[in-house]
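Residue numbers (the numbering used here): 113 to 653.
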């Protein structure tokens, strides 16, 4: 007996958008409904499992490689599927949201890959969710263009052979899409909405272009979550008559728990895996979240003091390269978030030197590629990887068998010789308020103090404030971090923003709301798992 037809999904509390029927067709919604029916119950179980694991970490203040999967790690015979031609060379990847201008600029940027982001660089307004999908469809049919109303400048795509390959990032498992619900009023997970619409509309179109449906998977916390994604891929390919193994997924190892399960994550996705990525801010956020009550030895210093050369970060990145290359997967490095200044060449000079040093280190360590946030950084990163790779597409043959990372190395936070400072507290408050204000206006990628910031930045900022208060940290100026001090710094920052923007612009923005939300998630005794959950309740559209 065949399964019952899925209940149709309802579009709830959403203003109709131009051309939305092209994305939300009856057949596309039926596909989403079937994904939801099959996979949301397991998603819910895995979210509950996250909470259980976090409670165990709170009890033990430690993590280890899983004994139950030791045989997978010990078996040298398995490898991930070979990379498709479009993903063989990933030496520079540019990241950014899927608004129309960014879509054209990213594809034209000269980077080999564009991470088209529906996650941390996108605030999930209904307009961003739907028009982001439309922009990608229009890009693949070459019916996209853009004219900047302010400058009159027009943007158009270069020839196909010059365009970056798209790797699309859906939302994490924890986020729902409130505007799409089933007959019971249950929202569909945002991950299934973003993946499902993109795959439904573009899988065959991409194959016809000589590429395929490629994905970045964010916020993964375990190999069981990777297994769920793999089952989603298998079903989706069967359902639409796409050959198994067509999907390729790169998993962001941006949680501390996933760092202990890299091989198992690749194993679960092995027919669909193409690599792992070493993030930074989300990884640090995850360390604070999981070890927030572990005492002084888990207290992180100012976020800008935690570079990728910190011993525990170095252990993480070197383990990632070794793991990927052992299994035939790409190892992709972290983000260069600098945004070049149009007014200050000295700022650019110093920043470009830092970017170059960072990308040189990654290339020399064995990474096969890396991320940048701005087209001007593409040539800098390209030069670093060109120098090491030459005309080879990657360096997966560098097995890094010299690397030997122990379980305790990944959480040796106190191996870093740095301490929290008053300037670090001020910066966390400044970035938190400024980012959240923009997010509430529907912007997920925001230039703040010459850096491109996304939701991960706000997460580490508010998490550090929370951690420093709860650990009773004493700063370099002798002040203890308290809720009162955080409120004082936040009030001063709000006053500074008011003076900087002027009364009219201040009143037109979401500044007070952003200030209040930052303090709520930074000061509440009950630590919110994700800032974006309470923020989504306040997001209009």
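Beta carbons are placed, not taken as given, at the ideal position from N, Cα and C, and that holds for glycine. No experiment lies behind these values; they were computed from the predicted model shown.
### Query
Buried or exposed: residue 240, going by 16 or more other Cβ atoms within 10 Å of its Cβ?
buried
### Message
Taking the alpha carbon of residue 399 as the reference point, which residue from 369, 463, 307 has its own alpha carbon closest?
### Response
369
### Residue environment, residue 253, which counts as buried when at least 16 other CB atoms sit within 10 Å
exposed
### Task
Using 10 angstroms around the beta-carbon of residue 140, count the other beta-carbons present and answer buried if the total reaches 16, otherwise exposed.
buried
### Message
Could you compute how far the alpha carbon of residue 596 sits from the alpha carbon of residue 316?
### Response
56 Å
### Query
The beta strand (DSSP E) spanning residue 442 covers which residue range?
442–448
### Query
Is the region 541–555 in contact with the region 607–623, if contact means three or more CB pairs nearer than 8 Å?
yes
### Message
Between the region 172–189 and the region 209–222, can you find at least three pairs of beta-carbon atoms closer than 8 Å?
### Response
no
### Query
Roughly how far, in whole angstroms, is the beta-carbon of residue 324 from the beta-carbon of residue 360, given that I think they are within contact range, below 8 Å?
6 Å
### Task
Label residue 389 either buried or exposed according to how many other C-beta atoms from any shown protein chain fall within 10 Å of its C-beta, with 16 as the threshold for buried.
buried
### DSSP three-state assignment for residue 153, whether helix, strand or coil
helix
### For residue 498, the first and last residue of its enclosing alpha helix (DSSP H)
490–501
### Message
Run through the DSSP bridge pairs and tell me what residue 326 is partnered with.
### Response
360
### Query
residue 451 and residue 486: beta carbons closer than 8 Å?
yes
### Query
Can you give the Cα-Cα distance for residue 647 and residue 633, rounded to whole angstroms?
10 Å
### Query
Skipping 5 residues on each side, what residues in its chain have a beta carbon closer than 6 Å to that of residue 249?
313
### Task
Note the first and the last residue of the continuous beta strand (DSSP E) segment covering residue 627.
That residue, residue 627, is in no beta strand (DSSP E); its alpha helix (DSSP H) goes 623–635.
### Query
If we call anything under 8 Å between Cβ atoms a contact, is residue 216 one with residue 269?
yes
### Message
Could you pull the DSSP bridge partners for residue 277 from this structure?
### Response
225
### Task
Just tell me which of 163, 306, 523 has its CA closest to the CA of residue 66.
What the structure shows of the chain is the stretch from 113 to 653, and residue 66 is not part of that stretch, so it cannot be assessed.
#### Entry: Residue burial classification, residue 345 (beta-carbon count within 10 angstroms, cutoff 16)
buried
#### Entry: Straight-line Cα distance separating residue 342 from residue 384
7 Å
### Query
What number of angstroms, rounded off, separates the C-alpha of residue 631 from the C-alpha of residue 454?
33 Å
### Task
Please classify residue 141: does DSSP put it in a helix, a strand, or coil?
helix
### Task
With DSSP collapsed to three states, give me the class of residue 257.
strand
### Residues sharing a beta bridge with residue 206, DSSP
226, 484
### Query
When we look at the beta-carbon of residue 394 and count the other beta-carbons within 10 Å, is it buried (16 or more) or exposed?
buried
### Task
Flag this pair as yes or no: are the beta carbons of residue 413 and residue 584 separated by less than 8 Å?
no
### Message
Would residue 405 and residue 170 qualify as a contact pair, given that the criterion is a beta-carbon distance under 8 Å?
### Response
yes
### Query
With respect to the beta strand (DSSP E) encompassing residue 387, which residues constitute its N-terminal and C-terminal limits?
385–390
### Query
Taking Cβ to Cβ, would you say residue 274 is nearer than 8 Å to residue 334?
no
### Query
When you compare only the Cα positions, how much space is there between residue 577 and residue 636?
11 Å
### Query
residue 492 and residue 518: beta carbons closer than 8 Å?
no
### Query
Does the beta-carbon distance from residue 437 to residue 478 come in below 8 Å?
yes
### Query
Under the three-state reduction of DSSP, which class applies to residue 606: helix, strand or coil?
helix
### Anticipated Cβ contact below 8 Å, residue 444 with residue 387, distance rounded
6 Å
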